[in-house]
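There are 4 protein chains.
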Amino acid sequence: MSFNTFGRFFRITTYGESHGLGIGVIIDGCPAGLMIDEEAILHEMGRRRPGQSKLSTERNEPDRLQITSGILDGKTTGAPINIFIKNKNARSKDYDKLKNVYRPSHADYTYSMKYGIRDHRGGGRSSARETACRVAAGSVAKQFLALNGIAIQAYTSKIGNISMNRLSDYSPEEIEKSNVRCPDVEVSSQMEAYILKCKEEGDTCGGVIHCRINGIAAGLGSPLYDKIEARLAFAMLGINACSGFEYGSGFDGASKKGSENNDVFYTDENNNIRTVSNNSGGIQGGLTNGMPILFNTSFKPVSSIKKKQRTIDSAHKSAEVQISGRHDPCVVPRAVPIVEAMAALVLADFLLARRLDTL
Amino acid sequence: MSFNTFGRFFRITTYGESHGLGIGVIIDGCPAGLMIDEEAILHEMGRRRPGQSKLSTERNEPDRLQITSGILDGKTTGAPINIFIKNKNARSKDYDKLKNVYRPSHADYTYSMKYGIRDHRGGGRSSARETACRVAAGSVAKQFLALNGIAIQAYTSKIGNISMNRLSDYSPEEIEKSNVRCPDVEVSSQMEAYILKCKEEGDTCGGVIHCRINGIAAGLGSPLYDKIEARLAFAMLGINACSGFEYGSGFDGASKKGSENNDVFYTDENNNIRTVSNNSGGIQGGLTNGMPILFNTSFKPVSSIKKKQRTIDSAHKSAEVQISGRHDPCVVPRAVPIVEAMAALVLADFLLARRLDTL
Amino acid sequence: MSFNTFGRFFRITTYGESHGLGIGVIIDGCPAGLMIDEEAILHEMGRRRPGQSKLSTERNEPDRLQITSGILDGKTTGAPINIFIKNKNARSKDYDKLKNVYRPSHADYTYSMKYGIRDHRGGGRSSARETACRVAAGSVAKQFLALNGIAIQAYTSKIGNISMNRLSDYSPEEIEKSNVRCPDVEVSSQMEAYILKCKEEGDTCGGVIHCRINGIAAGLGSPLYDKIEARLAFAMLGINACSGFEYGSGFDGASKKGSENNDVFYTDENNNIRTVSNNSGGIQGGLTNGMPILFNTSFKPVSSIKKKQRTIDSAHKSAEVQISGRHDPCVVPRAVPIVEAMAALVLADFLLARRLDTL
Amino acid sequence: MSFNTFGRFFRITTYGESHGLGIGVIIDGCPAGLMIDEEAILHEMGRRRPGQSKLSTERNEPDRLQITSGILDGKTTGAPINIFIKNKNARSKDYDKLKNVYRPSHADYTYSMKYGIRDHRGGGRSSARETACRVAAGSVAKQFLALNGIAIQAYTSKIGNISMNRLSDYSPEEIEKSNVRCPDVEVSSQMEAYILKCKEEGDTCGGVIHCRINGIAAGLGSPLYDKIEARLAFAMLGINACSGFEYGSGFDGASKKGSENNDVFYTDENNNIRTVSNNSGGIQGGLTNGMPILFNTSFKPVSSIKKKQRTIDSAHKSAEVQISGRHDPCVVPRAVPIVEAMAALVLADFLLARRLDTL
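Chains as they are written, first to last, in our numbering: chain A, 298 to 656; chain P, 298 to 656; chain C, 298 to 656; chain U, 298 to 656.
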């Protein structure tokens, strides 16, 4: 079954293919009365958009959006908000020779097996172009969160084997001034050099994004299956090329002892409850404890490499493929706003769910 | 909002607290006509149950289950299956002194914030006892999967800093003969020694579980938000103390190049499509490609340590707490069947969803 | 697919068969902090229970309930509430001769076609016994509604061809003193006589229930598919033997002109907005307008008649059947609390949904 | 909360307002490989469209649709299908004087209470224009049903007090040649005359639509809350102005005895199981029995009458309103394809659900 809806209360449903007329997203469940800043949406989409720098694909989609419903005099009315983004710069011909071949580590083969039919032009629905819809909707969610004092901030913490040493709060400016969205200037330039080297080799690389959510109250989330970390993991692993999620001390924390990993509570001078460490990443028992939410997501190296690869064709015969379309050598820098958008959608959802907890 | 249902087609809804009358699970959506092996359910529950060895909590719940509905002459009828598990060995008094204190890294504080009311006896709903329901339901799911040739196998691959070198297929016997459920005999005894050392110190430790799903056909999953890896991550992070999920080459793969990480397709002697490597962990574009699904989950060290800890009480005053209840020094060995159960529930769900893909 | 969950926010999931160990219901999503009056639940169940008078089936189930979870010190904790009702007076042998025959207008044939397997004992899951769960859960919903000033009142307005002339507000006492739950004393005794006459003939009869919901604020509901009348219709037609639903002026209103049927607004002395007539049954555009919600539901004559009937058996051969189990000559009086319960569940759900409308 | 999705497996999500840029619908869950006949969609939309005859509103929307996604070479790909319908003939100025007044029996007041904001232009989201989306999506569902031998046929059976005597199967031609979609020629001309008389008086009228679903196999539906009649009732009451639903013998059947109302089974010459009568309307125990599904829906007289009416304004002061926009004197003829579309969506959904019943 195809299922293109994400969220329970603050919900998005997306549609559209990479090389069709366009892509779009319906936001349903956004509370009425929210003043929408369309420039902010465009700004977020600009962060995701290809062609930002020599580090990303040359496909240049200006991503002009059209909000066709749900807004009156700049405010949400409670009706579904449809955002449509036309496709302009689709070069379907690039894909003609891929029609009957299954690219390694792509969705070509699996889509064919699932549906018996496959839109080969630009990857159809599996294209990362769909993430523009997530970023647009996520920007609306961010505007709702901002009213509630919540801010989300993600940045590139690792590319290839190059890692930041210290994860901390950084300003949007510190992050955005880096082409790779890594706020550590020196590490950023090493990352950039590495990506360009991969590109020259016709190869690609992956990395890790660190995300922090500040200003969140205690008590958000759900105790069992819908734990807030479970919804965040679900959201992140639903992003193309995402291969892992951990929160708080995560995989490293698994080597610690309880006495090292436990977060000791205290009451600060403003009578706020805090923890000395934050190995729980702001989450205990599936619920927020008022400390910042911290998580990491890993991204695979892009599977569209320019090097020749062995593979099979749709008749299951051995074949060779060389991918010539426009592709990023590394998606991580552009994935930063997508991670933020998905996190924003999860948080907006839980912020609404929170209203149902008590009498 | 409280939400205690997991799954879309093959669904479970659980209820019950650690120290109440009992816990239970309703399985709704299991196809009619499935012959249920009740002994198999008990066997799985025995793997999860406390008191298996000196490595786990001394709470000794025999976990006798009562299937009150949905089965006729040993077969599912299509009606909801209710499995009820009585609580017997509840020592609520152990928790009396914890009534007004928030244990570090527990759900005490966050539940209080969410609901304004908290069942302090044994952690109430946040207790890991609830996972017995998951294992019981997961066993039913496994029986459905077995009919479709699918087998799930998990084992402990890391405890503290002690790791297995090579992850591979192991038989259930190789896994189960180890007290820690690590099929590498030598590594297993190191792990066991480490856990006992932690226990002696009044401390706890965490670890990593590796899971493999064999026999799965290509085309299962969903392309966008409900990617099979996203549902698996959602299922895993919904387990108590789980702190991370990665599939295929995961976080390590993020350091690789595309040319290293890509999985090259070939057709084997039986005309089956295979990939040379399996860095995709059997999943491409959110859908299975017919190779085994491979994933890892990390587990925090248990937060219930016996050492004295600083904390705050429910009046937000500084306090000290020493936890004397019966707790595991390490949950990882007992979490192995829970990981399998949640994976089984996800797979059963997708196996049903698969029926809706085409005409 | 089997689907045994009702509701979106205030949700119930039921399980159990007529002649199994028992039946039960999980209430999930009830806000924390609600003081539960268990006697009130038992009172509602007493209204539904068989054996109340000579008008109903002789099966005599005392319906003692066991709340196994979700309540602490009399208050809801936000955890799922499981209510279990043991079966005691099951006479499965009555059904042995029905094992291979399809009773006319029963679910025997259709269940066999759907699941390929059928629990013939007492109708299994299709038994009206399941409605005890709805009434128990509905009573919890009513307690939540009462806190919000909302009261639901249903009564029998028609049996066979005997109708009440004037539908209006009546007190619970006026309704409950009638064996048929018709508050008009004279009409009630005619109805009673008619039901007894049907019973003597080995026949059965149907009727209509009128329901009124008072104290509801304006703005509850949903504009499109989840209109409040649509959810109420869904709830009612989901009751065994219910064959129709209309709200406001309903089917009769279809013969009126707009100028006759429109409800003119005015502001009353307390500055409340009211309408002169209430042909809209308190609902406009899918949303409540603050006037009482009014609706009718029709119920079929019970299909279990004692007269001999022609039918077919499970080999599709012609057969004869005479039903000897214990059955009501008319379900309408006992359906009154079921209608109220389902309405209460719908309203509780919308009351929660209302919290998500605005910023 | 706003909720604009209908269906569980074959799902639609709609968006757009009467006087915005346009309206649209996403169909998600339609199986891959379905050949889509776009002319058939246009044909259905033509049946719903205003301006068909002097009986309907003069607003003349050609309803050209644009399928922006989900179709490749004429076939569904399994991706979401977005159908967008531009608004062209919007005369928002007609509504300026209604900005601050609440029309009797309209959604003006209730929307204001729910959202605190209201799109007064053409009724915004509450406009019947939204039903064009339902008809477009319903046509896709019909094409899926046709492959499975299922055909849906609705017609006008009552207008004001003018009723057809005998409900039976009629051909599409017999229905469509009538301006009111009543296949009885004589009754049709009486209905037409009555509607025109109402129009002349500046008044409006309502009626009843009868719907028949042929070719359906036994075993579709769900036993409890999701009974097929419950989903149909939900679908119908979700249509603007629909005020009632009954299936089989419905409200009239409530006056019958069991011995009269029961449907006796027999096996016909082709070894098909049939019932002598069809008072169950093809449904027993919430599941289809293989006989045609029969139901009726009632529609209110249109609330937009041209006569002057008393009302209140948004300051809750007494006011007078005279509605001058373009409105139908009777929606029933145009509601016929909407009833069919909603029924088709329900059936397509259950046809998919049916695949999950057994092993």
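For every residue, glycine included, the Cβ atom is placed at its ideal position computed from N, Cα and C.
Just to make sure I have the definition right: I need the residues of chain C whose C-beta is within less than 7 Å of the C-beta of methionine 298 (chain P). Which are they? Phe306 and Gly326
Distance cutoff 8 Å, beta carbons only. Does cysteine 508 (chain A) sit that close to anything in chain P? no
Using only the alpha-carbon positions, how far apart do lysine 496 (chain A) and glutamate 470 (chain A) sit? 27 Å
Using CA atoms only, rank isn't needed, just tell me which of A:Ala434, A:Ser350, A:Leu656 and A:Tyr412 is closest to leucine 362 (chain A). A:Ala434
Same chain, Cβ closer than 7 Å to proline 401 (chain C), five either side skipped, listed in chain order: For proline 401 (chain C), where only same-chain residues beyond five positions count, the Cβ hits under 7 Å are Ser600, Gln606 and Thr608.
Give, in chain order, every residue of the region 377–407 of chain P whose Cβ lies closer than 9 Å to some Cβ of chain C. Pro377, Ile378, Asn379 and Phe381
CB contact below 8 Å: arginine 631 (chain U) versus chain C: no
Where glycine 343 (chain C) and valine 629 (chain U) are concerned, what is the direct C-alpha to C-alpha distance, given to the nearest angstrom? 44 Å
Contacts around isoleucine 635 (chain P), its chain only, beta-carbon distance under 7 Å, and the 5 residues preceding and following it disregarded: Arg345, Thr428, Arg431, Val432 and Ile536
Alanine 616 (chain U) vs leucine 529 (chain U) beta-carbon contact at 8 Å: no
Examine chain A for any beta-carbon lying closer than 8 Å to the beta-carbon of asparagine 462 (chain P), and answer yes or no. For asparagine 462 (chain P), the answer is no, since every Cβ of chain A falls outside 8 Å of its Cβ.
Return the CA-CA distance between histidine 403 (chain A) and isoleucine 456 (chain U), expressed in angstroms with no decimal places. 59 Å
What does a CB cutoff of less than 6 Å around aspartate 292 (chain P) pick up in its chain, not counting 5 residues either side in sequence? Outside the modelled stretch of chain P, which goes from 298 to 656, sits residue 292 (chain P), for which no answer is possible.
Give the residues of chain A in contact with threonine 310 (chain U), contact being defined as C-beta atoms less than 8 Å apart. Thr302, Thr310, Ile323, Asp325 and Pro377
Looking only at C-alpha atoms, which of C:Glu498, C:His613 and C:Cys627 sits nearest to proline 598 (chain C)? Looking at the Cα atoms, C:Cys627 is the closest of the given residues.
Comparing alpha-carbon positions, which option in A:Leu653, A:Ala638 and A:Thr655 lies nearest alanine 337 (chain A)? Ranking A:Leu653, A:Ala638 and A:Thr655 by Cα distance to alanine 337 (chain A) puts A:Ala638 first.
Go ahead and pull the three-state DSSP assignment for arginine 415 (chain C). coil
Minimum Cβ-Cβ distance from lysine 597 (chain C) to chain U less than 8 Å: yes
The region 542–561 of chain C / the region 534–553 of chain U touching (three or more Cβ pairs under 8 Å): yes
Return the chain-ordered list of same chain residues with a C-beta closer than 6 Å to the C-beta of aspartate 500 (chain P), the five sequence neighbours on each side being excluded. Ile602
For methionine 655 (chain U), return the contacting residues in chain P, with the cut-off set at a CB-CB distance below 7 Å. Just to set this straight, residue 655 (chain U) is threonine in the shown sequence, not methionine. Neighbours of threonine 655 (chain U) on chain P, chain order: Pro328, Ala329 and Gly330.
For asparagine 576 (chain A), count the other beta carbons within 10 Å of its own beta carbon; 16 or more makes it buried, fewer makes it exposed. Which is it? Asparagine 576 (chain A) sits buried, since 16 or more C-beta atoms from the chains shown fall within 10 Å of its C-beta.
Quick one: using the 10 Å Cβ neighbour count with 16 as the cut-off for buried, is asparagine 569 (chain U) buried or exposed? exposed
Could you tell me whether any Cβ in chain P is nearer than 8 Å to the Cβ of glutamate 335 (chain C)? no
In whole angstroms, what separates the C-alpha of isoleucine 368 (chain A) from that of proline 328 (chain A)? 11 Å
Are the C-beta of leucine 266 (chain C) and some C-beta of chain A separated by less than 8 Å? The question about residue 266 (chain C) has no answer, for chain C in this structure spans 298 to 656.
Please check if any C-beta of chain P sits within less than 8 Å of the C-beta of leucine 318 (chain C). yes
Comparing the C-beta of leucine 352 (chain A) with each C-beta of chain C, is any distance below 8 Å? no
DSSP three-state assignment for glutamate 335 (chain C), whether helix, strand or coil: Reduced to three states, the DSSP call for glutamate 335 (chain C) is helix.
Rounded to a whole number of angstroms, what is the C-alpha to C-alpha distance between lysine 351 (chain A) and threonine 594 (chain P)? Rounded to whole angstroms, lysine 351 (chain A) to threonine 594 (chain P) spans 36 Å at the Cα level.
Asparagine 558 (chain U) versus valine 505 (chain U) - alpha carbon distance: 22 Å
Cβ shell of arginine 478 (chain A) (< 6 Å), same chain only, five flanking positions each side left out: Tyr452, Thr453, Ile472, Pro630 and Val633
Serine 595 (chain A) lies in the alpha helix (DSSP H); which residues open and close that run? Unbroken run through serine 595 (chain A) is the beta strand (DSSP E), 590–596; no alpha helix (DSSP H).
Complete beta strand (DSSP E) runs within the region 585–655 of chain A (minimum length 3 residues, chain order): 590–596, 606–610 and 615–618
Chain P partners of arginine 652 (chain U), CB-CB under 9 Å? Leu649, Arg652 and Leu653
Under 9 Å Cβ-Cβ, which residues of chain P neighbour isoleucine 414 (chain C)? Annotation: Cβ neighbours of isoleucine 414 (chain C) in chain P (cutoff 9 Å, chain order): Ala329, Gly330, Leu369, Asp370, Lys372, Thr373, Thr374 and Gly375.
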